[in-house]
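Heads up: the structure comes next, in structure tokens.
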Amino acid sequence: MLPRKLIIFDYSGTLSLESTLFGQSDYLMKQLRESGLADLGVTSPGIFWEQIVNPTWMEGSTTETGYKKVIEDRINAILSQNVSDDARVNISDAASLFVDSYLSHSRIDGRWQPVLDKVNRYPSIRTIIATDHYAEATPYILQFLEELHIQAVAARTAMAAPGSTSVIVANSADIGFHKDNLRFWEILKNGLDVGGVKGVLLIDDFGCNEQKGNSYSAPEKVEQRKRDTVRLLQHVFSAEVQAIPFITKDNRNEEAFSELITGTGAIIDRYLVAADDGQ
Numbered sequence: 013m014l015p016r017k018l019i020i021f022d023y024s025g026t027l028s029l030e031s032t033l034f035g036q037s038d039y040l041m042k043q044l045r046e047s048g049l050a051d052l053g054v055t056s057p058g059i060f061w062e063q064i065v066n067p068t069w070m071e072g073s074t075t076e077t078g079y080k081k082v083i084e085d086r087i088n089a090i091l092s093q094n095v096s097d098d099a100r101v102n103i104s105d106a107a108s109l110f111v112d113s114y115l116s117h118s119r120i121d122g123r124w125q126p127v128l129d130k131v132n133r134y135p136s137i138r139t140i141i142a143t144d145h146y147a148e149a150t151p152y153i154l155q156f157l158e159e160l161h162i163q164a165v166a167a168r169t170a171m172a173a174p175g176s177t178s179v180i181v182a183n184s185a186d187i188g189f190h191k192d193n194l195r196f197w198e199i200l201k202n203g204l205d206v207g208g209v210k211g212v213l214l215i216d217d218f219g220c221n222e223q224k225g226n227s228y229s230a231p232e233k234v235e236q237r238k239r240d241t242v243r244l245l246q247h248v249f250s251a252e253v254q255a256i257p258f259i260t261k262d263n264r265n266e267e268a269f270s271e272l273i274t275g276t277g278a279i280i281d282r283y284l285v286a287a288d289d290g291q
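Just so we're aligned: the sequence shown equals residues 13 to 291 in this note's numbering.
The following block contains the structure:
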């Protein structure tokens, strides 16, 4: 049967809070040292964000290039042409170690398992995990879902085999556009044949949990991001959109995070009942 409603989960900062902790200055610095990137000149979080990530984010998150390759290419460019073959090997190895560690520390929190399992059992619901991420993230996310016994497929795989009831992992690197771009959602709507849904439920931190202490997570910017996202989804799907802000004041407060998942799960339960009743 065609789905009547969509449930869309954000990934980093929502399903995976661990991935946001990785980017905090103390932990990030530890990873830069252990991977060997610090020995190659990436000696501070500031250098990492400003000289490595920010200049390469568009390429890394909307193409198949991958995180390892953009880090490697960027460091080679910074060091100019005077890079020996041995040094290039070291750069490649360090980039691989760093990215593998980052993605390994980006697991879906196990407390989401009952929620994801329940929504995956409703044939009237299509569930999408949407993320702006690097190409390497897709197989990792699929692996994490498999570990939680959640059936899932990448968006491109689902588009090639319409009718799948598995959770869809929609990564910007696979789609070619970021989530704030109309084309991201149009491609999913058409490719997954979900143009006729009557409602959309969005669970997202809207960037609040991802950049603590940064202007990106300022309340007014988070609220604007929420409004923009809701309008975008309403426009694409011509359906009612309900947003659940998944926002925690302290990423390290396990009890508060657990309560937030429980509360969000209760809202989703009501949404599932309404969808089952044809509302």
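The beta-carbon is built from N, C-alpha and C at its ideal position, and this holds for glycine as well.
TODO: Could you check the C-alpha separation between Gly211 and Ser56 for me, to the nearest Å?
DONE: 45 Å
- [ ] Enumerate in chain order the residues of its own chain whose CB-to-CB distance from Ser73 is below 8 Å, with the five nearest sequence positions on each side excluded.
- [x] Asp144, His145, Tyr146, Ser184, Ala185, His190
Task: Straight-line Cα distance separating Arg86 from Val65 - done: 9 Å
Open item on the list: Let me see if you follow: with CB-CB separation under 7 Å, is Glu71 close to chain B or not?
Closed with: The displayed structure is made up of one protein chain only, and chain B is not part of it.
Open item on the list: In whole angstroms, give me the CA-to-CA distance for Gly48 and Ala106.
Closed with: 5 Å
Open item on the list: Output needed for Gln163: all residues of its chain with C-beta closer than 7 Å, excluding positions within five of it in sequence on either side, in chain order.
Closed with: Asn132, Ser178, Val179
TODO: Pull up the DSSP beta-bridge partners for Ile19, would you.
DONE: Thr139, Leu213
- [ ] Specify, as a first and last residue, the run of the alpha helix (DSSP H) that Val234 falls within.
- [x] 231-249
Open item on the list: Please state the DSSP three-state secondary structure of Asn202.
Closed with: helix
Open item on the list: Assuming contact is defined by CB atoms lying nearer than 7 Å, are Arg45 and Ile273 in contact in what I supplied?
Closed with: no
TODO: Could you check what DSSP says for Ala166 in three-state terms: helix, strand or coil?
DONE: strand
- [ ] Please work out which residues of its chain come closer than 6 Å, Cβ to Cβ, to Leu12, disregarding the five sequence neighbours upstream and downstream, and give them in chain order.
- [x] Residue 12 cannot be examined here, being either before or after the span of the chain that is shown, 13 to 291.
Task: Start-to-end residues for the beta strand (DSSP E) that takes in Ala255 - done: 252-257
Task: Coarse secondary structure for Ser118, derived from DSSP in three states - done: coil
Open item on the list: What does the alpha-carbon distance come out to for the pair Tyr134 and Phe34?
Closed with: 34 Å
Task: Whether Glu148 touches Tyr39 by CB criterion (7 Å) - done: no
Task: Alpha-carbon spacing of Ala278 relative to Ala167, whole angstroms - done: 27 Å
Task: Buried/exposed call for Pro15, threshold 16 Cβ in 10 Å - done: buried
Task: Endpoints, beta strand (DSSP E) assigned at Val181 - done: 179-183
Task: Whole runs of the alpha helix (DSSP H) within the segment 55-134, excluding any shorter than 4 residues - done: 66-74, 79-90, 97-116, 125-131
TODO: Give the secondary structure of Asp176 by DSSP, where H, G and I count as helix, E and B as strand, and everything else as coil.
DONE: Here the sequence assigns Ser to residue 176, which means Asp is not the residue at that position. Coil at Ser176, not helix or strand.
Open item on the list: By alpha-carbon positions, which one of Phe218, Gly175, Ile215, Asn221 ends up nearest to Gly203?
Closed with: Gly175
- [ ] Apply the 10 Å Cβ neighbour rule to Asn226 and answer buried if 16 or more other Cβ atoms are within range, or exposed otherwise.
- [x] Residue confidence for Asn226 is low, a pLDDT of 49 falling below 50, so the modelled location carries little weight and cannot support an answer.
TODO: Could you pull the start and end residues of the alpha helix (DSSP H) that Ser31 belongs to?
DONE: 30-34
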